[in-house]
Structures are given as C-alpha cells and as structure tokens.
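Under full-length UniProt numbering, the first residue of the sequence shown is numbered 1, with each subsequent residue one higher. To start, the structure under review is shown below, and the notes come after it.
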Amino acid sequence: MSSPEETQKSSTASPKCDSCDLEQYPFPERNNDRGCPERGLEGEKEMTVQQDVVSDHHEETCGTNNPSTGPITNGVWTEDNRDPNIVDWDGPDDPENPLNWSPLKKWGNITLLSIITFNIPLASTMLAPGVPQILDEFNTQNESSATFVVSVYVLGLAIGPLILPPLSELYGRVIIYHIGNIIFVVFTAACGLSKNMDMLIGFRFLAGLVGAGAVTIGGGSIGDLTTIRERGKAMSIWSLGPILGPVLGPIAGGFVSENIGWRWIFWILTITSAAIAISSLVFLHETNAGVLLRRKARRLQTETGNWTLRSKLESQVAPKELFLRSILRPSKLLILSPVCFLLSVYNAFIYAMLYFMFSTFTFVFEGQYSFTPATVGLVYIGLGIGMLLALAIQQATGSKFLKMLSARQADGKPKPEHRLPIMMLGGFLIPSGFFIYGWTAQNRVQWAVPLLGTLIIGTGVSLASISINLYLVDAFTIYAASAIGASAVLRSVFGAILPLFALQLFNKIGLGWGNSLLGFIALGMWPVTLVFIKYGEYLRTAPRFNVNL
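Shown next as structure tokens:
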C-alpha cells in the first residue's frame with residue numbers, strides 16, 4: 001500500500017512535453033510560454049485571452065514541469081505548477097481524465113447529450129401545427145399571438161445561455177443538466193394545463209429558459225471529452241439537435257394535434273422529457289476538468305491528511321467575484337471578441353431564417369396547396385432530409401479538409417480556420433434554396449419543387465451551423481460553453497423576434513420577394529466566411545482583441 005507521500009506525488013505528476021501529440025496540441029499558436037516552445041510560433045507574441053484560456057487541459061499540463069513556465073494570471077491558475085501541493089492528472093493516460101474515457105463511456109455521454117439537445121428544440125416547434133386549434137379554443141385570431149406562442153419558447157432559450165454555461169464552467173456540467181431537465185418537465189406539463197393564451201405563453205417561456213442548458217452547454221461537454229480528431233464527428237451529431245429538432249417537431253405535432261388535440265403535444269413531451277431526465281441522472285457523467293480535479297484534490301486531502309492540496313485549476317479569486325466573472329463571460333465574449341460576435345451574428349441570421357419558415361409553413365401550405373394540419377407537418381421533411389445530408393457531407397469531408405489544410409502549414413498543425421471550407425458551401429446553398437422555395441410556392445408549382453428548395457436550405461443551414469460550432473469549440477476550448485452560449489443568445493433572440501414579422505412581410509410583398517429578401521440577406525452574410533478564412537487567426541490572437549475573462 002502506498003504512503004500518503006507517494007499518493008500525493010503520483011497525483012501531482014504531469015506529462016512531459018515530448019509525450020504531447022497533435023491531437024492534444026492542435027493549435028500551436030496557443031502554446032507559447034506553456035513549456036512547449038517547440039510547438040509555439042516563432043518569435044515572442046503577447047498572449048491574448050483566446051490563446052491563454054482556450055487550450056485543452058492536456059495543453060496546460062504540458063508546461064507544468066518546465067522551469068520556464070510562470071504563473072498564469074487569468075483567474076484559472078494562480079500558483080507556479082512546480083508546487084508539490086498542486087493536484088493534476090496522473091499522467092497523460094489518467095483514466096479519470098474525460099479525454100481518456102473508454103469509447104463506450106464517451107459516446108454514451110455524447111449520445112445522451114445529443115438526445116437532450118434534440119428534445120429541447122423539438123418542443124419549440126412541435127406546437128406550430130396546433131396553433132389554429134389553440135386560437136379557436138382561447139377565442140383569439142391575433143396573428144402576432146399565433147406566432148409568439150411558438151417563438152416565445154426561443155426567447156427563453158436566449159436568456160438561459162447568459163446564466164447556465166458560465167455556471168457549468170464554475171460548478172460543473174452535470175448539475176446544470178439535471179436541474180434543467182427536471183424543471184423542464186414541470187413547465188412542459190404546466191403548458192398542457194394552461195387555461196388561456198397568456199398562461200400558455202408564460203409557461204412556454206419558462207420551459208425554454210430552463211431547457212437552454214443542454215443546447216448551450218453540450219458543446220462544452222464535447223470539448224471536454226474529445227480530441228481534435230474526434231471532435232468533428234461528435235459536434236456534427238450534437239449540432240443537429242438545435243436545427244433538426246425544430247424540423248421534426250411539426251411533423252409529429254401535426255398528427256398529434258389533428259388526432260388527439262394540441263394539449264397532447266405537451267403530455268407527450270412531458271413523458272419523453274421525464275424519461276430523458278431519469279436516464280441522465282443514471283448515465284450522464286461530469287466532464288468539466290476543473291470540477292473533476294477539485295473533487296480529486298478533496299479526496300486526496302482526506303486520504304493523505306494534507307489539507308494544503310489543491311487542484312491545478314483552483315482559483316484564488318473570491319467566490320463572489322468568480323461568480324460574477326462567470327456570469328458576465330458570455331456577454332463579454334459576444335461584445336468584445338470579434339470572433340465570437342461575427343460568427344454569432346451570422347449564425348443568428350440563418351437560424352432566424354429557419355424560424356421564418358417554421359412560423360409560416362402552416363399558413364403557406366394550407367393556403368397555397370390546401371394541406372391539412374396533419375399533412376402540413378410533412379412539409380418539414382424537406383428540411384430534415386437536407387440536414388441529414390449535411391451531416392453526411394460533414395462526416396465525409398470534414399476530416400479530409402482538416403488533414404489536407406494542415407499539411408499545407410509549415411508546421412503541419414491544424415487551425416480552427418480549417419473548419420471553414422464546408423461553411424462556404426453552406427453559405428452558398430442557403431440563398432439558392434430561398435430563391436427556389438419562394439418563387440415556386442408563390443406560383444403554386446407542384447409542391448415537391450418548393451420542398452426541394454427547403455431541402456437545399458436545410459443542407460446549407462446545417463453545414464454552416466456545424467462549422468460555426470466546431471470553430472467556437474476549437475477556438476475557445478476551456479470556455480467553449482460560454483462561447484457557444486454567447487452565440488445561442490443572439491441566435492435565439494433573432495429566432496424569437498424576427499419571425500413575428502414573417503406573415504406581415506409575406507402578406508405585403510408576397511412569398512416570392514419575401515423569401516428572395518431572406519436569400520439576399522444570406523448572400524450578403526456569405527463573405528463572413530471569407531473574412532475568417534483570411535483573417536481568422538489574426539482576429540483570434542492579436543493583442544488588441546484581448547478579452548479579460
């Protein structure tokens with residue numbers, strides 16, 4: 001049996017730099033002053049917050065035994081890593097490190113997170129086909145209410161990311177998932193019990209608010225679990241939830257509302273959400289490195305009697321200040337980081353365009369093609385097929401682009417910008433799809449043709465969204481949850497508010513020009529991808545864009 005001193009020594013050991021590999025250190029410009037000089041860029045460079053805080057915990061451990069590595073003062077590390085009381089992973093193969101979990105455990109967590117992330121957005125639009133029934137039951141024909149009862153849920157999803165992702169970085173991912181899942185079940189059931197439109201809108205908003213956790217934190221969990229080579233596949237699957245869920249929701253909602261009434265939409269969601277919540281309590285594991293190392297330090301304190309042991313990631317900042325920093329982090333990233341802001345604006349526009357379609361499909365296809373409430377739900381299949389096609393394209397080409405573009409680098413290392421060629425394709429497909437959908441629907445061309453337009457839109461939106469999420473996780477790994485949360489705030493605000501004007505827009509200028517306007521906006525946003533391909537690295541690393549988190 002090992003002595004307390006031996007236990008402490010093994011627990012505070014760190015891997016040497018020569019054990020590092022490409023997957024652990026994918027972005028060399030982050031590793032200056034990390035004790036990995038051979039992996040850094042040539043010359044001295046002032047560390048920006050992006051460089052300082054976004055590297056994986058594997059990247060951070062690389063420099064822990066190097067004498068040249070000084071304290072890091074960003075509120076994450078506060079002591080020199082040579083301190084024997086610092087608790088770290090037990091080497092690069094420590095099984096407690098989420099990066100070293102078995103494939104079954106990793107993909108079990110990723111699959112469950114993807115299911116949660118699918119279920120929450122599913123609830124956002126599943127109600128849409130039942131809106132005419134709701135208007136009749138509550139005796140109102142207000143067009144704004146008809147749209148808002150669907151989109152108010154997305155407004156709740158916009159506020160949640162301001163609070164939940166930073167809390168997950170402070171207290172852990174799993175506790176946020178569990179609390180959100182349980183309260184979501186309660187508010188969803190309350191929607192089914194609503195007695196008037198105001199009550200329904202209020203509970204829909206609250207359900208979206210608490211449901212925002214998995215939609216925004218999931219990217220952070222995947223960043224905790226995966227290396228650069230694994231991340232593309234995992235993020236592609238997880239990213240489908242926020243866009244595929246709203247597409248499939250109306251298909252199910254149409255049949256449910258027509259056959260057993262709109263309230264059963266909420267009863268079904270309550271049952272499925274309760275099953276997911278229970279499964280999460282049993283099978284979902286904590287992935288946040290800071291939380292896991294803090295638990296390890298406490299365990300070793302008890303085992304060794306050395307109460308000065310502390311996690312490598314332990315902060316000396318006062319709890320109140322640390323809490324405020326965490327809460328403000330998504331807003332600061334959104335406002336002060338050009339990387340986060342520009343990608344979030346682009347993502348928000350394409351997401352809002354989807355909700356333009358979600359909020360008008362029922363009226364367009366019932367009015368133009370005389371579809372029933374049940375069959376109008378099938379209209380969403382075009383978008384769904386397009387999104388699945390995007391997933392196939394990403395899986396087939398994502399890793400190849402990453403490998404090919406990395407090989408062109410002098411150092412052979414991949415960069416976040418290598419995720420963007422697929423985004424260029426998506427940005428081109430989106431306006432093309434809107435032009436086809438708008439003009440063929442206005443002229444009542446056979447319904448399969450406008451559905452082809454929606455398929456193209458679905459493919460483009462998914463390719464762009466997956467690329468944006470991958471870029472944010474690669475560029476802000478430690479604070480990936482806050483970066484994706486910041487993006488989700490803007491995305492959800494646009495998705496909730498802009499569709500309120502959809503019917504008025506189409507009534508005024510028609511389906512053809514209305515959808516063409518969306519297409520022209522998407523075309524105008526397309527150069528954002530070119531900006532990031534050419535200047536993305538500068539925007540990430542230049543000292544002038546340093547954000548103090």
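Just so it is clear, CB atoms sit at the ideal spot from N, CA and C, and this is done for glycine as well.
Query, Result
"Burial state of Met353, where buried means 16 or more other Cβ atoms lie within 10 Å", "buried"
"Neighbour-count burial assignment, Val379, 16 or more Cβ in a 10 Å radius", "buried"
"Nearest residue (CA-CA) to Ser465, options Ser482, Trp447, Arg491, Val445", "Arg491"
"Assigned exposure category for Arg294 - 16 Cβ within 10 Å defines buried", "buried"
"Expected contact under 8 Å - CB spacing of Ala158 and Val528 to nearest Å", "Between Val528 and Ala158 the Cβ distance is about 21 Å, and since that is not below 8 Å, they are no contact."
"C-beta atoms of Gly213 and Gly160 nearer than 9 Å", "yes"
"Classification of Phe283 by the beta-carbon crowding that lies within 10 angstroms, buried from 16 upward", "exposed"
"Between the CA atoms of Thr117 and Tyr177 - distance to the nearest angstrom", "11 Å"
"C-alpha distance - Asn139 paired with Leu503, whole-angstrom precision", "20 Å"
"Ile86 (DSSP reduced to helix, strand or coil)", "strand"
"Those residues which DSSP pairs with Arg310 across a bridge", "Ile86"
"Bounding residues of the alpha helix (DSSP H) (the contiguous stretch that carries Leu455)", "448-475"
"Burial state of Gly514, where buried means 16 or more other Cβ atoms lie within 10 Å", "buried"
"Extent of the continuous alpha helix (DSSP H) run through residue 550", "Only positions 1 to 549 of the chain appear in the structure, and residue 550 is not among them; the question remains open."
"Inter-residue CB distance, Tyr153 and Ala207 (contact presumed, cutoff 8 Å)", "6 Å"
"Inter-residue spacing [alpha-carbon to alpha-carbon] between residue 593 and Gly220", "This structure cannot settle anything about residue 593, because the visible part of the chain is limited to 1 through 549."
"Burial state of Asp136 (16 or more Cβ within 10 Å)", "exposed"
"Residues near Glu5 by beta carbon distance below 7 Å, same chain, minus five either side", "Caution applies to Glu5, whose pLDDT of 48 falls short of 50 and renders its modelled position unreliable; the value that the coordinates give is listed next. Cβ neighbours of Glu5 beyond the five flanking positions: none."
"Rounded C-alpha distance that separates Lys400 from Leu248", "30 Å"
"Burial state of Asn259 (16 or more Cβ within 10 Å)", "exposed"
"Leu248 in three-state terms, based on DSSP", "helix"
"Reduced DSSP secondary structure (H/G/I, E/B, other) of Val445", "coil"
"Within 9 Å, strictly: CB atoms of Gly245 and Ala390", "no"
"Of the residues Ile120, Val131, Leu281, the one placed nearest Arg263, counting alpha carbons only", "Val131"
"Straight-line Cα distance separating Pro414 from Ala396", "18 Å"
"C-beta neighbour in chain D for Thr304, strict 9 Å", "This model lacks chain D altogether; it includes just one protein chain."
"Burial state of Glu321 (16 or more Cβ within 10 Å)", "exposed"
"Separation of Leu209 from Leu200, as counted between CA atoms", "14 Å"
"Limits of the alpha helix (DSSP H) - the one that Met126 falls within", "It is not in any alpha helix (DSSP H) - Met126 carries neither H nor E in the DSSP assignment."
"Beta-carbon spacing of Tyr351, Val449 below 9 Å", "no"
"Asp224 classed as buried or exposed, judged by whether at least 16 other C-beta atoms fall within 10 angstroms", "buried"
"Spatial distance of Phe266 from Leu155 (CA atoms)", "19 Å"
"Reference Arg229; option with closest CA among Phe358, Leu193, Gly398, Ala496", "Gly398"
"Touching by the beta-carbon criterion (3+ pairs, under 8 Å), the region 333-347 and the region 468-484", "yes"
"Alpha-carbon to alpha-carbon, Asp83 and Asn66", "In this prediction, Asn66 scores a pLDDT of 31, lower than 50, which makes its location untrustworthy; the coordinate-derived value is nonetheless stated afterwards. Rounded to the nearest angstrom, the two C-alpha atoms are 12 Å apart."
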